[in-house]
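Heads up, the sequence shown stops at 884 in our numbering, and the numbers go up one at a time, no gaps.
Written below as structure tokens is the structure these notes are about.
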Amino acid sequence: MKYQAVKSYGVRYSKGDGIVIKGEGTDFNRIVENPDISISSGYNEGNGVHIKDGARFNRIEGNILYNKENGILIEGEGTDSNTVYVGHDNGLAGVAAVDGPKGTVIKLKASREGYANGTAIVLLRNIHSDDSPSAIVQGEFSPPEGKVPSSPCIILEDVSNARISARITGFPTGVLIKGENSRGNDILIEELAGSTTGVHITYKASSNIVRINSGAKDNKLIALIDGEASENTFRLISQGGNENGVIIRNGAKDNLLDRCTFKGETVIIEGDGTSGNRVENSSGMSLLIRDGATNTTIGSLVSGRGNTFSNLPLPFISVQGATTKGVRIIGNRFEGASSEGTRGAIEIENAQDVQIGSDQGAGGNTIIKNPCGILLKKAGKVKILNNLISENRSGIRAEGSSYEVTFQGNKIERNGEFGILIDGNDASKIAIEKNTLSQNGAGIKISGVSDLLISENEIKDSGSDGIRIGYSERGNIERNLITRNKGIGVHISNGSRYISIRSNAIYDNTGKGIAIERGCNGDIPKPFFTSFLASSRRISGGVPSSVPIGSTVEIFGDADDEGQIRLGVASVRAGRNFSTRLSKPLSSGMHLTATVTDPKGNTSEFSTKFKPQTHRPPFIVFTTTRFGNREIHRLFMGELTGTRLTDNPAVDQNPVLSPDHGKIAFVSERSGNPDIWLMGSDGSNLQNLTDNPADDLDPAWSPDGERIAFVSTRDGNPEIFVLDLKSGKLKQLTRTERDVINRHPTWSPDGKRIAFARGSTNGDNFEIFVMNSDGTGSVNITNNTAFDGQPAWSPDGGSIAFVSDRDGNREIYLVNPDGSGIRRLTEEKGEDIDPAWSEDGEILFSSNRDGEFEIYLIDSDGGNLRRVTLSLGINVQPNAGGQ
């Protein structure tokens, strides 16, 4: 039958279907509404109208209602292109198209609302089409007043390529799409209101597009995507009044919210297995990502496709849960209504593998005018990359035991309290790299962190400290620009240790460049400078004895007392000294400063600023017991502590400087007995010169620096020998009886004579003798019954200082080389011993006049006495290289 128009007179109370249209060739028939009756097919035990078995192009317009099963059932492959109008109050669906019909068009008359049915108003199940729409649903669906439907309005189950255009009001679920074969459907909802769940996509439904154009309003939930639904796209406009926006959960994957306009609703992405979902180019919502959701992306690397968050209660985005991983927040704008409070625009709590911003494309976020830009709470493996974080009360705050957090490439500026605050409880592995922090209340504040890296940042114009670190350990602050902060450049406090501060440019800060509070960084003391040779740009200095050998000294140039330009680096050598060549000339008006960093990573404050001179400042070497046993120490004039040059359990004593001040000969028992040893004036390059079982004592440099005279018992009694340093040849100068003792040789400035002391083991007193430098022509020049010993020849050759007790106790005397002109230089009740000349003709000596032996300096006329050392222990045997 074809082309029949039937005006139904009402088919009612059939035991089966009311009207059946079936069979191939049953085409183009039309059942029209009869104005004389209210029901075209109703109250039947089966379906009101049943179209099947290949019937096509039929049109059902009558009133189909109150049937026990479906109002209209269209089923079977080949039953295509039928057009029907929805009935109401049927036991199952108003219209059901199932099991293969294609091209069904389902409508509501303009004059009628879609009424409630038992299962759904429209049910589409198991219908598919690859080219044209498998089904088209059009209309405005809403229940009559007083009726509250319990079923969804439209159900798509295992349906592909359907097209729905509708207004839906008052249904528990507006559209339900389910089934793994539900894909490629296009759902356009002009208005969605009053639903418990507006759109529900579930049971592996995929690749569907849902658009809510004119607005969703007054729904408890606009949309729910769950049950492993995947690759679906939502676009919606909210008109407000919705309790929640969209929930994506229970294994839903790779779904997209795109160009959505919310009115303050929350989007929730949650649950184990929920993965790969995205929100792009949307606004007006807040986001909650939690409970195991993974690989969620909020925003886009493509310019203009990020989301906009503004004027909502914070946080805009909250990421929660230890199993929540892989969240990417990229290319968005977060603008708060107020900076009051403490909540973050973005909050990450207990989550892992979160990235905020990106090093690719337009992936950085803009975060402005919030109480806190980003707040981390016990978060792990977080990367914060290339964001603009500005005008917030605080920029970035990390609380609790967050770990493996990287801040890189961000511009953090004009935040009221601080740029970055890590307030950790055992936080670890924090890296802050290549950021610009400017005009913040404070730059970077760190507390309770281990394994910290702050590298290659610009930290400037802060209202207080540039960097402050407390209660932390194991940190590297390196290659940063730290300037113009209204506080300290780098402030180490509250017991922090192993904080290395190296290769930075620190200058023009209001406070110190580096401040190390007591008890921090091992209380490592500052280095000091001793000399600068302008011609070679060679800078030398030292460190106190508590600084380990092998520590690293960095030298800087600065207009004041910080470190603007790094000019060199040197290692602390055995003598607790350092020397290096500046990498470039020092600019006019610049001072030198330095820091020292020990092998554990503790860095000192900047040294006292040093204005380089072209001459080498004078220094002395001497023997001290301040460290326990006798050791060699060096002291530049004006220093208080000096530098320990030897550190050995054996006795090291009797140091003498070479004429060029570059080497020190001394006596050491570290080989088992006293030998003559040699080292650099900085304590480096130790060498045993004599290495003999006999005792070798009292070294003295020849004026040309090529020979050393010394005393040795290798011939039985103490005799004087000379060692040629180039050839290694040894020459014995004195040969005396076995009861004779020869001690303390000292060269004349021309190198032709040697003065020495001679006595005997039988109690005869010591006298001062002078002989030729080849050992001939010995002459006694003192001839006194008292003790006369320890001669020292003056640099001008005119006098020999020596020790004598001829007036009761040991004092310093002078005598001419020919024995004339003896005069007393000191006069004290204490013992004055160990005379030695400075190059400018002053005399150093040791005295216990004030208690312990200390070193003093006096003019050669006995005036201008001053004390040189002030320390615990005994300080004796001074030498300044002048004999």
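Beta carbons: idealized from backbone N, C-alpha and C, even for Gly.
| Query | Result |
| --- | --- |
| Quick check: D789 and F757, are their CB atoms within less than 8 Å of each other? | no |
| Output the residue ranges of the beta strand (DSSP E) runs that lie fully inside the segment 304–343 and measure 3 residues or longer, sorted by chain position. | 309–311, 318–321, 329–331, 334–336 |
| In whole angstroms, give me the CA-to-CA distance for A666 and A516. | 39 Å |
| One question on the structure: do A163 and L125 come within less than 8 Å of each other, judged by their Cβ atoms? | yes |
| What is the rounded straight-line gap between the Cα of H616 and the Cα of S501? | For H616, the pLDDT reaches just 37, beneath the cut-off of 50, and the residue's location in the model is therefore unreliable, although a value from the coordinates is still provided. Distance between the alpha carbons of H616 and S501 is about 33 Å. |
| On the three-state DSSP scale, how would you describe D819? | coil |
| Per DSSP, what kind of secondary structure is N477 in: helix, strand or coil? | strand |
| In the DSSP assignment, find the unbroken beta strand (DSSP E) run with C373 in it and report its ends. | 373–378 |
| Secondary structure at S703, three-state DSSP: helix, strand or coil? | coil |
| Would you tell me roughly how many angstroms separate the C-alpha atoms of R113 and L66, rounded to the nearest one? | For R113, the predicted model reports a pLDDT of 44, less than 50, meaning its position is unreliable; a value from the coordinates is still stated below. The straight-line gap from Cα to Cα measures roughly 13 Å. |
| When the Cα of I478 is compared with those of G706, N312, I433, which residue comes out closest? | I433 |
| Can you find the residues in the same chain that come closer than 6 Å, C-beta to C-beta, to I431, ignoring five residues on each side of it along the sequence? | V406, I423, V450, L453 |
| What residue range does the beta strand (DSSP E) around M680 cover? | 676–681 |
| DSSP state of G883, grouped into three classes? | coil |
| Candidates R868, F579, G420: which alpha carbon is nearest V548's? | F579 |
| Using only CA atoms, which one of R539, T625, G822 lies nearest to T870? | T625 |
| Identify the residues that DSSP records as bridge partners of V622: which are they? | R635, N880 |
| Mapping DSSP to helix, strand and coil, what is N743? | strand |
| Could you give the DSSP three-state label for D773: helix, strand or coil? | Reading off the sequence shown, one finds Asn at residue 773, where the question assumed Asp. Looking at N773 - three-state DSSP - the assignment turns out to be strand. |
| Between which two residues does the beta strand (DSSP E) holding S231 run? | Neither: S231 is in no beta strand (DSSP E) and is coded neither H nor E. |
| Quick check for students: name the residue ranges of the beta strand (DSSP E) that lie wholly in the segment 113–139, counting only runs of 3 or more. | 121–128 |
| To the nearest angstrom, how far is the alpha carbon of G882 from that of I468? | 46 Å |
| In angstroms, rounded to a whole number, what distance separates the CA positions of R79 and I248? | Strictly speaking, residue 79 in this sequence is Gly, with Arg absent from that position. If I take the Cα positions, the gap works out to 38 Å. |
| Can you give the Cα-Cα distance for D653 and E670, rounded to whole angstroms? | 7 Å |
| In whole angstroms, what is the alpha-carbon distance linking Y86 and I20? | 15 Å |
| If you draw a straight line from the C-alpha of L302 to the C-alpha of Q409, how long is it? | 17 Å |
| Under three-state DSSP, which class holds D524? | helix |
| Sort G358, A136, P153, I169 by Cα distance to F142 and report the nearest one. | I169 |
| How many angstroms separate the CA atom of G760 from the CA atom of R736? | 13 Å |
| Rounded to whole angstroms, what's the CA-CA distance from G115 to G26? Just pull it up for me. | Any answer about G115 is weak, because its pLDDT of 48 lies below 50 and its placement is not dependable; what the coordinates show is given next. Approximately 31 Å between the Cα atoms of the pair. |
| By the DSSP assignment, the beta strand (DSSP E) with Y86 in it spans what residues? | 84–86 |
| Quick one: is G629 buried, meaning 16 or more other Cβ sit within 10 Å of its Cβ, or exposed? | exposed |
| Specify the secondary structure class of Q409 as computed by DSSP and reduced to three states. | strand |
| For L1 and D697, what's the separation of their Cα atoms in angstroms? | No information on residue 1 is available, as it lies outside the stretch 2 to 884 that the chain covers here. |
| Which of helix, strand or coil does DSSP assign to R617? | Here the model assigns R617 a pLDDT of 43, short of 50, so the residue's position is not dependable, and the following value carries that caveat. Coil. |
| Taking all protein chains shown into account, do 16 or more other C-beta atoms lie within 10 angstroms of the C-beta of N510, making it buried, or fewer, making it exposed? | buried |
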